[in-house]
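One structure is given below, encoded as structure tokens.
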Amino acid sequence: MKRSNANRNLISYSVWSFSIICWFILLFNPGNLLTAAHCQMNLCNRSSASLKMILKINPFSEMMTGWILMVLAMMLPKLIIPIQIIINQSFKSMSFLLVILFITGYVLMWAVTGFLLNIFIIFVSIQMPGSFILAVIFGIITLIWQFSPIKQKCLNRGHYHPVLAAWGSKAYKDAFSFGITHGFWCVGAGWALMLLPMLLPQGHHLAMLIATFIMLSEHMEHPQAPRWRIDLRLKLLRIIIPENPIGR
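So the sequence shown is numbered by UniProt numbering: it starts at 1 and just counts up by one.
Structure follows, in structure tokens:
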């Protein structure tokens, strides 16, 4: 059931391509596919914000659609290795459905999280419409969370890849459960970085790109002992910009 390097590369290219498509829709919204803002709250009259007005401008169902698209754009590249593991441990005739079940379980965890976060965003949009104050406060909370032992524990558990059944109904159950479990730990590690761009009155697209870079970079780091420490986890940056040896 082991796949060749060519197949692994095909998986990587396919995942990245789908992620880029999602990014294109988020950034450029071709054909007005997204009628509501996907990661920020629009208010037509900031001085008289109300729940009814907010939901009229930003229907909750469309907010959730935008959230799922945002998750797919930002998180899919982190799933390349788990997807490769699922394919390597399964029969070829079953691998596609197993991958779909894994992604479904993963996205389900983020959908539940998005439901709660969008409710929170609606509430704060009523209380503090268009304010950077909340973004600054939550930015500090996010920074504290980034260096917390709980965050590191979630990152560590995200590296755990269970042995999955290769055949039968248990294989489908294992793939779906793997998606839920992996999604749970990813939510634990990345919920703050996902929420922060949504609280910004401006510059949310740039914040999303930065958050994506950070999450991809920290996902590439090796597991470490959970403890309080300042660790920027910039492995991806070190790969992109390698240190040049001293000229001889």
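Note that CB positions come from ideal geometry on N, CA and C, so glycine has one too.
Three CB pairs or more closer than 8 Å across the region 213–230 and the region 166–181: no
Minimum Cβ-Cβ distance from tryptophan 185 to chain C less than 8 Å: Any reference to chain C falls outside this structure, which holds one protein chain only.
Local Cβ density within 10 Å of asparagine 118, reported as buried at 16 or more and exposed below that: The residue given as residue 118 occupies position 118 in the sequence shown. Answer is buried; the Cβ neighbour count reaches 16.
Cut-off 8 Å between Cβ atoms - residues of its own chain near isoleucine 86, not counting five sequence neighbours on either side: Here the question's residue 86 lines up with position 86 in the sequence shown. Sequence-distant partners of isoleucine 86 (beyond 5 residues in either direction) whose C-beta falls short of 8 Å from its own C-beta, in its chain, are Ser95, Leu98, Val99, Phe102, Leu164, Ala175 and Phe178.
Alpha-carbon spacing of isoleucine 241 relative to isoleucine 137, whole angstroms: Taking the first residue of the sequence shown as 1, we reach residue 241 at position 241. Taking the first residue of the sequence shown as 1, we reach residue 137 at position 137. Isoleucine 241 and isoleucine 137: Cα-Cα distance of roughly 32 Å.
DSSP three-state assignment for leucine 199, whether helix, strand or coil: Numbered from 1 along the sequence shown, position 199 holds the residue referred to as residue 199. If DSSP states are grouped into helix, strand and coil, leucine 199 belongs with coil.
Boundaries of the alpha helix (DSSP H) in which residue 249 is found, first to last residue: A query on residue 249 cannot be resolved here, the shown segment of the chain reaching from 1 to 248 and no further.
Simplified DSSP assignment, three categories, for serine 148: The residue you call residue 148 lines up with position 148 of the sequence shown. Note: serine 148 maps to coil in three-state DSSP.
Alpha-carbon to alpha-carbon, tryptophan 167 and isoleucine 150: If you number the sequence shown from 1, residue 150 lands on position 150. If you number the sequence shown from 1, residue 167 lands on position 167. Isoleucine 150 and tryptophan 167: Cα-Cα distance of roughly 35 Å.
Distance CB(glycine 114)-CB(tryptophan 145) smaller than 8 Å: Taking the first residue of the sequence shown as 1, we reach residue 114 at position 114. Taking the first residue of the sequence shown as 1, we reach residue 145 at position 145. Taking 8 Å as the Cβ cut-off, glycine 114 and tryptophan 145 do not qualify as a contacting pair.
Endpoints, alpha helix (DSSP H) assigned at valine 15: The residue labelled residue 15 in the question sits at position 15 within the sequence shown. Run containing valine 15: 5–28, per the alpha helix (DSSP H) assignment.
Beta carbon of leucine 76 nearer than 8 Å to that of phenylalanine 132: What you label residue 76 is simply residue 76 of the sequence shown in a count that begins at 1. What you label residue 132 is simply residue 132 of the sequence shown in a count that begins at 1. Not a contact, by the Cβ cut-off of 8 Å.
Under the three-state DSSP convention, the category leucine 234 falls into: Taking the sequence shown and counting its residues from 1, one reaches residue 234 at position 234. Note: leucine 234 maps to coil in three-state DSSP.
Beta-carbon gap between serine 61 and alanine 171 smaller than 8 Å: Within the sequence shown, the letter at position 61 stands for residue 61. Within the sequence shown, the letter at position 171 stands for residue 171. Cβ atoms of serine 61 and alanine 171: not closer than 8 Å.
Residues near phenylalanine 187 by beta carbon distance below 7 Å, same chain, minus five either side: In the sequence shown, counting from the first residue as 1, residue 187 sits at position 187. Reading off the sequence, residue 187 comes out as valine, not phenylalanine. Cβ neighbours of valine 187 beyond the five flanking positions: Met109, Trp110 and Thr113.
Simplified DSSP state of leucine 206, which is helix, strand or coil: Counting from one through the sequence shown, the residue named residue 206 turns up at place 206. Looking at leucine 206 - three-state DSSP - the assignment turns out to be helix.
Glutamate 221 (DSSP reduced to helix, strand or coil): Here residue 221 is taken as the residue at index 221 of the sequence shown, counted from 1. Of the three classes helix, strand and coil, the one that applies to glutamate 221 here is coil, per DSSP.
Beta-carbon proximity of leucine 200 to alanine 135, cut-off 8 Å: The residue given as residue 200 occupies position 200 in the sequence shown. The residue given as residue 135 occupies position 135 in the sequence shown. Taking 8 Å as the Cβ cut-off, leucine 200 and alanine 135 qualify as a contacting pair.
Rounded distance between the beta-carbons of isoleucine 83 and isoleucine 20, thought under 8 Å: Start at 1 with the first residue of the sequence shown, and residue 20 comes out as number 20. Start at 1 with the first residue of the sequence shown, and residue 83 comes out as number 83. Wrong, their Cβ atoms sit about 16 Å apart, outside the cutoff.
Own chain partners of histidine 159 with C-beta closer than 6 Å, once the 5 adjacent residues on each side are dropped: Translated into the one-based positions of the sequence shown, residue 159 becomes position 159. Once the five neighbours on either side are set aside, the close Cβ partners of histidine 159 are Pro223.
Helix, strand or coil at phenylalanine 91 according to DSSP, with G and I counted as helix: Residue mapping note: residue 91 aligns to position 91 of the sequence shown, counting from 1. Phenylalanine 91: coil per DSSP, three-state reduction.
Beta-carbon proximity list for methionine 64, same chain, < 8 Å, skipping 5 on both sides: Locating residue 64 in the sequence shown gives position 64, where the first residue counts as 1. Result list for methionine 64: Ala111, Gly114, Phe115 and Asn118, in chain order.
Where methionine 64 sits in the DSSP three-state scheme: What you label residue 64 is simply residue 64 of the sequence shown in a count that begins at 1. Reduced to three states, the DSSP call for methionine 64 is helix.
C-alpha gap between asparagine 156 and proline 226, whole angstroms: One-based indexing of the sequence shown puts residue 156 at position 156. One-based indexing of the sequence shown puts residue 226 at position 226. Distance between the alpha carbons of asparagine 156 and proline 226 is about 8 Å.
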